[in-house]
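Structure first, commentary second.
Protein chains: 2
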Amino acid sequence: MAVSIKDVAARAGVSTATVSHVLNQTRNTRPATRQKVLEAVEELGYSQNQAARNLAVGRSSLLGLILSDIRNPFFPEITAAFQDQALLHHMEALVLNTNYDTQRTLDSVKRLVGLQVPGVAVLTSQVDPSISAMLQDRKIAAVYLDLARVDRYVSNIAIQYEQGIAEALDHLVKLGHRRIGFLGGPPHLPSAIRRKKAFFDIAAKLGIEPAGAIDSDFTVKGGYFACSKLLSSAQPTAIVGGNDLTAIGALHCAFDRNLKAPDQLSVVGFDDITFAEYTQPALTSVQVPRQDIGKAAFQAIWQMISTGNSAGQEYSVQTRLITRQSTAPAPK
Amino acid sequence: MAVSIKDVAARAGVSTATVSHVLNQTRNTRPATRQKVLEAVEELGYSQNQAARNLAVGRSSLLGLILSDIRNPFFPEITAAFQDQALLHHMEALVLNTNYDTQRTLDSVKRLVGLQVPGVAVLTSQVDPSISAMLQDRKIAAVYLDLARVDRYVSNIAIQYEQGIAEALDHLVKLGHRRIGFLGGPPHLPSAIRRKKAFFDIAAKLGIEPAGAIDSDFTVKGGYFACSKLLSSAQPTAIVGGNDLTAIGALHCAFDRNLKAPDQLSVVGFDDITFAEYTQPALTSVQVPRQDIGKAAFQAIWQMISTGNSAGQEYSVQTRLITRQSTAPAPK
DNA sequence: TTGAAAGCGCTAACAT
DNA sequence: ATGTTAGCGCTTTCAA
Numbered sequence: 007m008a009v010s011i012k013d014v015a016a017r018a019g020v021s022t023a024t025v026s027h028v029l030n031q032t033r034n035t036r037p038a039t040r041q042k043v044l045e046a047v048e049e050l051g052y053s054q055n056q057a058a059r060n061l062a063v064g065r066s067s068l069l070g071l072i073l074s075d076i077r078n079p080f081f082p083e084i085t086a087a088f089q090d091q092a093l094l095h096h097m098e099a100l101v102l103n104t105n106y107d108t109q110r111t112l113d114s115v116k117r118l119v120g121l122q123v124p125g126v127a128v129l130t131s132q133v134d135p136s137i138s139a140m141l142q143d144r145k146i147a148a149v150y151l152d153l154a155r156v157d158r159y160v161s162n163i164a165i166q167y168e169q170g171i172a173e174a175l176d177h178l179v180k181l182g183h184r185r186i187g188f189l190g191g192p193p194h195l196p197s198a199i200r201r202k203k204a205f206f207d208i209a210a211k212l213g214i215e216p217a218g219a220i221d222s223d224f225t226v227k228g229g230y231f232a233c234s235k236l237l238s239s240a241q242p243t244a245i246v247g248g249n250d251l252t253a254i255g256a257l258h259c260a261f262d263r264n265l266k267a268p269d270q271l272s273v274v275g276f277d278d279i280t281f282a283e284y285t286q287p288a289l290t291s292v293q294v295p296r297q298d299i300g301k302a303a304f305q306a307i308w309q310m311i312s313t314g315n316s317a318g319q320e321y322s323v324q325t326r327l328i329t330r331q332s333t334a335p336a337p338k
Numbered sequence: 007m008a009v010s011i012k013d014v015a016a017r018a019g020v021s022t023a024t025v026s027h028v029l030n031q032t033r034n035t036r037p038a039t040r041q042k043v044l045e046a047v048e049e050l051g052y053s054q055n056q057a058a059r060n061l062a063v064g065r066s067s068l069l070g071l072i073l074s075d076i077r078n079p080f081f082p083e084i085t086a087a088f089q090d091q092a093l094l095h096h097m098e099a100l101v102l103n104t105n106y107d108t109q110r111t112l113d114s115v116k117r118l119v120g121l122q123v124p125g126v127a128v129l130t131s132q133v134d135p136s137i138s139a140m141l142q143d144r145k146i147a148a149v150y151l152d153l154a155r156v157d158r159y160v161s162n163i164a165i166q167y168e169q170g171i172a173e174a175l176d177h178l179v180k181l182g183h184r185r186i187g188f189l190g191g192p193p194h195l196p197s198a199i200r201r202k203k204a205f206f207d208i209a210a211k212l213g214i215e216p217a218g219a220i221d222s223d224f225t226v227k228g229g230y231f232a233c234s235k236l237l238s239s240a241q242p243t244a245i246v247g248g249n250d251l252t253a254i255g256a257l258h259c260a261f262d263r264n265l266k267a268p269d270q271l272s273v274v275g276f277d278d279i280t281f282a283e284y285t286q287p288a289l290t291s292v293q294v295p296r297q298d299i300g301k302a303a304f305q306a307i308w309q310m311i312s313t314g315n316s317a318g319q320e321y322s323v324q325t326r327l328i329t330r331q332s333t334a335p336a337p338k
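Taken in sequence, the protein lines are chains A and B. Be aware that the first sequence starts at 7, since it is given in my numbering, and climbs by one per residue. Be aware that the second sequence starts at 7, since it is given in my numbering, and climbs by one per residue.
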């Protein structure tokens, strides 16, 4: 049998209530009493039984973090940032992988409900209404990534894709480019749609005629072929890729056509799923700061559960243009 | 107030004991009764309060997974595999990042103890004795990566580095190489030591005189410089890198010296921390299957907690030689 | 085959 | 400033 609060109370010569209050700093205690309790805790190696605590207070110290795929390098950094924040507030992050499977996402939410979590961050690219409904019904604070409207118990993190595209185009225009093409993502993905729309809107605003736009699939291979097609139909001197993989594919394509990058073909990507260390030095990217997302996700939840104010909020995450330095020798 | 087991019992017209038993399949019930209960559960949208359950049974459904850094691409795959296994057994994986910080690792373990977890996988490259002691004291099943001796409540996963090095050398010898160099990792890392020792042992067994060996730091840059040094002091025609980053550095170095890889310089890496999609096509690697590690970690724990047999076991993970195909065009 | 009821370890309202 | 004690929702022994 593990050491319980009773043991500590006995050892310190106080009541369990006092021990509880000392440990949770939930009411004033004489320094001497406090001291005795802490000593007893130390001597016995006591640690609070969270199950009992959670049962008593009605909510756990766990926060759910639902991701479509932890293997996608976009997520580990978000996860780490989220956890670091949680730690500061004596919470744990329970990370759940859905593998892009809606049913599995729903199961995850059910399990989280059973675990009495007070809040959940759902950072998948699509969210079934049944999921958000279930969370809201249970009054569990939820935050989504670029998907939800703010509501009771519902916050949203808005990534400023438009800003990012603007930065990318601005960058290319300053380099003298006028013939700029776009390689988009899968047309069913909200974030892909927004980036494409932003490209056209901002190009128009800058008085630039887009040199073609082709939808692709956010992979290196897809980027390669889309770029190939684009180069055949138009003659862009620069390309904005819907994400970095696409952009890397475009760089490969340029290489095969003996177009020296970035001189003869400038490529800008959208750094939302790559592993920075392996990204091509020649690639300039609009970065979506991952730590910021993780941090915002936690804060969105914490805001709702710690204040008891169920009203959600909109959190905005800024993008940033990254021009990479070639620290290591250029890869073959 | 959430719907509780009492509500279900009332709705189904049975006792809470019956509901509990039906849900946990812990004793026979008449199909009709069973049916009623399940209907009530469905209608009310009931989900078990895990906190209460854990309190009653004395252990939680959470399993700890302690990692030094989730951002290291070695770990997400392990994590995913571990979680998938856990899911099959109705367990949750609580992933904790230590950021290579011993104190933080200790804190993590304390929190896990408080959470009443029945088992923990500690997949860091070093483990402080106080940590393993604390776990063993609390009779928490633990599994370590290539570190611990099997004991009560202690299992170990042994990665067959020797096998991997043997595969690498075998591969190179079959290609006709006789002058083979080695670029090792930090000399304080147990896994680096074992790889280096294996290199010498197996080279000797094959009757090969090693063409130099230089310790490095498991980074691309470090690999570059170590390779540079090695090429100046010896004339290897092939190199075994202690890990993939080192090997990639060696490839860069070969490129800068106009040594065409793999023809003029064959390089074999050890794929334990890279992100596969970005690894050089020219690189052959000894792969440590990450899913296997995650799966083994879960099974090691599950073995101990589900059978009630506290004796640990040794789990062995095989390596595999991977020769990459250039699916995408070679990067610039 | 089912039910009644005693805890599991903690918190928090109420008492002192 | 501290103690007493009634739950929190579930499991499980014992009884029917």
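All C-beta atoms, glycine included, are put in the ideal place defined by N, C-alpha and C.
Given residue i as reference, the closest of the options once Cα atoms are compared
i              : options                       : result
T104 (chain B) : B:H95, B:L93, B:H96, B:K116   : B:K116
T24 (chain A)  : A:T39, A:E215, A:A8           : A:T39
L5 (chain B)   : A:E49, A:E98, A:K180, A:G275  : The question about residue 5 (chain B) has no answer, for chain B in this structure spans 7 to 338.
L178 (chain B) : B:G247, B:N60, B:G190         : B:G247
H194 (chain A) : A:D223, A:R65, A:D176         : A:D223
T163 (chain A) : A:T130, A:T329, A:V28, A:R36  : The sequence shown places Ile at residue 163 (chain A), not Thr. For I163 (chain A), the nearest C-alpha among the options comes from A:T130.
V9 (chain B)   : B:N34, B:V28, B:E48, B:R36    : B:E48
T325 (chain A) : A:G275, A:Q305, A:G314        : A:G275
P124 (chain A) : A:V101, A:R110, A:Y159        : A:Y159
I254 (chain B) : B:G64, B:Y230, B:L237, B:Q270 : B:Y230
A306 (chain A) : A:D75, A:D250, A:I146         : A:I146
P192 (chain A) : A:D75, A:T32, A:K202          : A:K202
R110 (chain B) : B:V133, B:Q122, B:L93         : B:V133
Q122 (chain A) : A:D176, A:D113, A:L73, A:S67  : A:S67
A15 (chain B)  : B:Y106, B:T108, B:K42         : B:K42
Coarse secondary structure for residue i, derived from DSSP in three states
i              : result
Q309 (chain B) : helix
K12 (chain A)  : helix
I146 (chain B) : coil
P135 (chain B) : helix
I76 (chain A)  : coil
L237 (chain A) : helix
A282 (chain B) : Any reading at A282 (chain B) must be qualified, since the residue scores a pLDDT of 49, below 50, and its modelled position is unreliable; the value itself is stated next. Residue state, collapsed to three classes: helix.
S243 (chain A) : Residue identity differs from the one stated: residue 243 (chain A) is Thr in this sequence, not Ser. DSSP places T243 (chain A) in coil when its eight states are reduced to three.
T35 (chain A)  : coil
Q270 (chain A) : coil
R59 (chain A)  : helix
G359 (chain B) : This structure does not reach residue 359 (chain B), given that chain B is present from 7 up to 338, and the question cannot be answered.
Q293 (chain B) : strand
L29 (chain A)  : helix
R263 (chain B) : coil
T329 (chain A) : strand
G300 (chain A) : helix
Buried versus exposed, by CB contacts within 10 Å (16 or more), residue i
i              : result
E83 (chain A)  : buried
H96 (chain A)  : exposed
G51 (chain A)  : exposed
D143 (chain B) : exposed
E173 (chain B) : buried
N242 (chain B) : Per the sequence presented here, residue 242 (chain B) reads as Pro, with Asn not at that position. Buried, by the Cβ-count rule.
R59 (chain B)  : buried
K266 (chain B) : exposed
A127 (chain A) : buried
R77 (chain B)  : buried
Y321 (chain A) : buried
Y106 (chain B) : exposed
Where are the beta strand (DSSP E) runs, 3 residues long or more, that stay fully inside the segment 149-234 of chain A, in chain order? As far as the segment 149-234 of chain A is concerned, its whole beta strand (DSSP E) runs of at least 3 residues are 160-165, 186-190, 219-221.
Quick check: the segment 132-145 of chain A against the segment 290-299 of chain A, are at least 3 beta-carbon pairs closer than 8 angstroms? Per the Cβ contact rule, the segment 290-299 of chain A is not in contact with the segment 132-145 of chain A (fewer than 3 Cβ pairs under 8 angstroms).
Touch test, the segment 49-66 of chain A against the segment 83-94 of chain A, Cβ-Cβ under 8 angstroms, three pairs minimum: Cβ pair count under 8 angstroms is below three, so no.
Do the segment 148-159 of chain A and the segment 87-94 of chain B touch if we need at least three Cβ pairs shorter than 8 angstroms? Not touching, per the Cβ criterion.
At 3 residues or longer, and completely inside the segment 64-132 of chain A: list those beta strand (DSSP E) runs for me, N to C. Fully enclosed beta strand (DSSP E) runs of 3 or longer: 68-73, 98-103, 125-129.
Inspect the CB distances between the segment 216-231 of chain A and the segment 310-330 of chain A and report whether three or more fall short of 8 angstroms. No, the segment 216-231 of chain A is not in contact with the segment 310-330 of chain A.
Can you find at least 3 beta carbon pairs, one from the segment 21-37 of chain A and one from the segment 9-29 of chain B, that sit closer than 8 angstroms? By the Cβ test, the segment 21-37 of chain A is not in contact with the segment 9-29 of chain B, since fewer than three Cβ pairs between them sit closer than 8 angstroms.
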